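Notes follow once the structure below has been shown.
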Amino acid sequence: MPVDLVLKNAKICLLDRIVEAGLAINDGRIVKVSKEVNLPPACENLNLKGNLVLPGVIDAHVHLRDQDLSYKEDFFTGTCAAASGGVTTVLDMPNNMPVTMSSESLLKRMEIAAKNSIVNVAFYSAFPKRLEEMREIVESGAKGFKFFFSRQIGGVSPEDEESLRIFFREAAKLSVPVLIHAEDKTFLDSKMEELKKNGRCNISAFSEAHSVESETKAIGRAVEMSHASGAHVHICHVSAGQSVNVVSSAKRRGIHVTCEVTPHHLLLSQYEMKHQGFIALTNPPLRSETDQEALWLALKSDVIDIISSDHAPHALHEKMKESVWDVSTGFPGLETMVPLMLTQVNNGRLSLLSMVRLMSKRPSEIFRIRGRGCLREGYYADLTVVNFKREWKIDSSKFYSKAKFSPFNGKIVKGKVIKTFVNGQLVMDEGEIIGKPGTGEIIR
Ligand code: DOR
Ligand code: ZN
Ligand code: ZN
């Protein structure tokens, strides 16, 4: 019996080396990686013309919105953006309308996503109101609990230390991570109030409120919470040198902590906000060039575990405000993450194998995405096919995301995703989405 598909004439990125070989796919899975002569006969053959095949990228921090926030993004547009950007699995954040914080709200999102998604989708939940619901949520398939130290989203207030300890302990018992948005609420609120009272409403005021101190304070608190409860904490979007120092010393103490960085915190500094204004406003804000350097060092020394986009789409009018305090923070990142990082590989700032480890292998391990994250026989055929040398210009008006803006708009990048396969299906070909909604699986 011939297999479904054979990809020939490729450079295939394995865990420790790149090989010139082909890849056979059957029933959505990789059945063979080998030299062409040893590949089985296939119903369909595709010549990849020497281009690179990477394990499908897993983006562990994405806001797909939908439901009452569909005007910003929905599962279809968000996963089209993912496919276009070479991302084959996304993990969806819970700060939705309604908030994902019960097994009902989670299952509802899964149901909508199953019908509309082009790539695979997994979900996080916020903490529920009642502790007993945590087990149900995990059994329904949540990959972790997201907790915002900055304001209450979900059933537990960041000021309720006692409940927090109990909920973190339950997460440890259920063997799921707690993902941390690290900003200290008390610190943030008092600073913000002071700034507003003084009539400050520009970008620098925002950065003063959402300070490095507030970030490190919250990371410190999360680390201690992990130490006390045994829960694995994952620090989202670290943005500063001091933050990675706190993570690094926690790791040395043997505390179960991991962390992520975004391409924008690696590649843009606060000066970008002077040029781009509120488009580049995100939370945590872009920091100094010294912080960027520190993030790169942490990336190279394995203090930072993964790269995630923090894809945070908004309507354009939500970015165009008079006062910084009224601006919706964040911007889309799914369509720029892979090309931006490939550009860094081309520049010699990162090795291709490190990039694959940071964007496929480690996310699959940290969030237990089974059968994905590397190119291996028996694994799902999630593939990001890349023309490594192609230069092109990012044009946010062409995004599949509903949010057609980006602080990277107009930037020249080197490295282009030319094909994306999800579960053995070609879903994006030379920029065109050809996958059917429902091709993506719900990962539990
Ligand atoms: O910039 C941000 N946008 N930071 C967050 O923490 C939330 C996110 C969003 O959901 O828009
Ligand atoms: Zn966040
Ligand atoms: Zn986020």
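Going by our numbering, the sequence shown wraps up at 453, each residue one higher than the last.
All C-beta atoms in this analysis are idealised placements derived from N, C-alpha and C, irrespective of residue type, glycine included.
Computed from a prediction, not measured in an experiment: that's the story for all the values here.
Rounded separation between residue i and residue j - CA only
i, j, result
"Val130", "Asn207", "44 angstroms"
"Asn60", "Lys41", "18 angstroms"
"Val28", "Leu188", "36 angstroms"
"Ala33", "Ser258", "44 angstroms"
"Phe176", "Asn18", "51 angstroms"
"Leu16", "Leu55", "5 angstroms"
"Val296", "Glu203", "According to the sequence shown, residue 296 is Arg rather than Val. So the two alpha carbons sit approximately 21 angstroms from each other."
"Thr352", "Lys138", "44 angstroms"
"His190", "Tyr280", "24 angstroms"
"Val422", "Leu275", "15 angstroms"
"Thr86", "Tyr409", "6 angstroms"
"Thr88", "Val333", "29 angstroms"
"Thr97", "Arg209", "42 angstroms"
"Glu441", "Leu14", "20 angstroms"
"Glu53", "Phe132", "34 angstroms"
"Ala91", "Asp169", "37 angstroms"
"Lys58", "Leu290", "40 angstroms"
"Gly424", "Glu141", "48 angstroms"
"Glu45", "Asp36", "20 angstroms"
"Ile264", "Lys370", "21 angstroms"
"Tyr80", "Pro50", "46 angstroms"
"Gly94", "Lys428", "9 angstroms"
"Phe196", "Gln434", "48 angstroms"
"Thr225", "Val62", "38 angstroms"
"Ser405", "Lys420", "10 angstroms"
"Phe136", "Met10", "49 angstroms"
"Glu9", "Asn418", "Any question about residue 9 goes unanswered here, given that the chain covers just 10 to 453."
"Val247", "Cys268", "7 angstroms"
"Val12", "Pro103", "39 angstroms"
"Pro167", "Ser114", "22 angstroms"
"Arg366", "Met201", "38 angstroms"
"Leu48", "Arg160", "54 angstroms"
"Phe158", "Met364", "29 angstroms"
"Ile378", "Ile162", "25 angstroms"
"Met454", "Phe287", "With the chain covering 10 to 453 only, the question about residue 454 has no answer from this structure."
"Pro186", "Ala249", "22 angstroms"
"Lys402", "Gly164", "44 angstroms"
"Lys413", "Pro341", "8 angstroms"
"Val431", "Leu100", "15 angstroms"
"Lys20", "Phe215", "45 angstroms"
"Pro416", "Leu277", "9 angstroms"
"Val394", "Val426", "6 angstroms"
"Lys260", "Glu82", "36 angstroms"
Expected contact under 8 angstroms - CB spacing of residue i and residue j to nearest Å
i, j, result
"Phe84", "Asp75", "5 angstroms"
"Thr448", "Ile121", "15 angstroms between Cβ atoms; not a contact."
"Gly382", "Pro372", "7 angstroms"
"Ser149", "Leu116", "6 angstroms"
"Ser172", "Phe154", "At roughly 13 angstroms, the Cβ-Cβ gap does not stay under 8 angstroms, so Ser172 and Phe154 are not in contact."
"Leu304", "Val270", "5 angstroms"
"His72", "His320", "6 angstroms"
"Ser238", "Arg174", "6 angstroms"
"Ser223", "His70", "Actually they are not in contact, since the Cβ atoms of Ser223 and His70 sit about 19 angstroms apart, beyond 8 angstroms."
"His219", "Pro293", "6 angstroms"
"Ile375", "Ile451", "Ile375 to Ile451, Cβ: 19 angstroms. No contact."
Cross-strand partners of residue i (DSSP beta bridge)
i, result
"Trp401", "Val422"
"Cys268", "Ile244"
"Lys155", "Ala135 and Leu188"
"Arg38", "Asn35 and Tyr389"
"Cys22", "Ile27"
"Gln434", "Val431"
"Glu53", "Leu14"
"Thr98", "Ile67 and Asn129"
"Leu78", "Asp75"
"Ser43", "Gly31"
"His284", "His284 is not bridged to any residue."
"His320", "Val71"
"Ile442", "Met437"
"Asn396", "Lys425"
"Leu204", "BP columns for Leu204 are empty, so no partner."
"Val256", "Val256 is not bridged to any residue."
"Ile162", "DSSP lists no partner for Ile162."
"Val232", "BP columns for Val232 are empty, so no partner."
"Val62", "Ile21 and Val394"
Proximity test, Cβ basis, 9 angstroms: residue i and chain C
i, result
"Ile27", "In the displayed structure, chain C is absent; only one protein chain is listed."
- What does the shell around ligand 2 hold, if a residue joins when its beta-carbon is under 6 angstroms from any heavy atom? In chain order, the qualifying residues are His190, Cys245 and His246.
- Message: Tell me whether the stretch 305-323 and the stretch 347-367 touch, counting them as touching only if at least three CB pairs, one residue from each stretch, are closer than 8 angstroms.
- Response: The stretch 347-367 and the stretch 305-323 touch, with three or more beta-carbon pairs separated by less than 8 angstroms.
- Item | Residues whose Cβ lies closer than 6 angstroms to any heavy atom of ligand 3, in chain order | Spelled out in chain order, the answer is His70, His72, Met102, Asp319 and Ala321.
- Task: Decide if the stretch 221-233 is in contact with the stretch 247-263; the criterion is three or more beta carbon pairs, one per stretch, under 8 angstroms apart.
- Result: The stretch 221-233, when compared against the stretch 247-263, does touch it at the 8 angstroms Cβ threshold.
- Message: Within 8 angstroms, do at least three Cβ pairs link the stretch 336-354 to the stretch 107-115?
- Response: No: fewer than three Cβ pairs fall under 8 angstroms.
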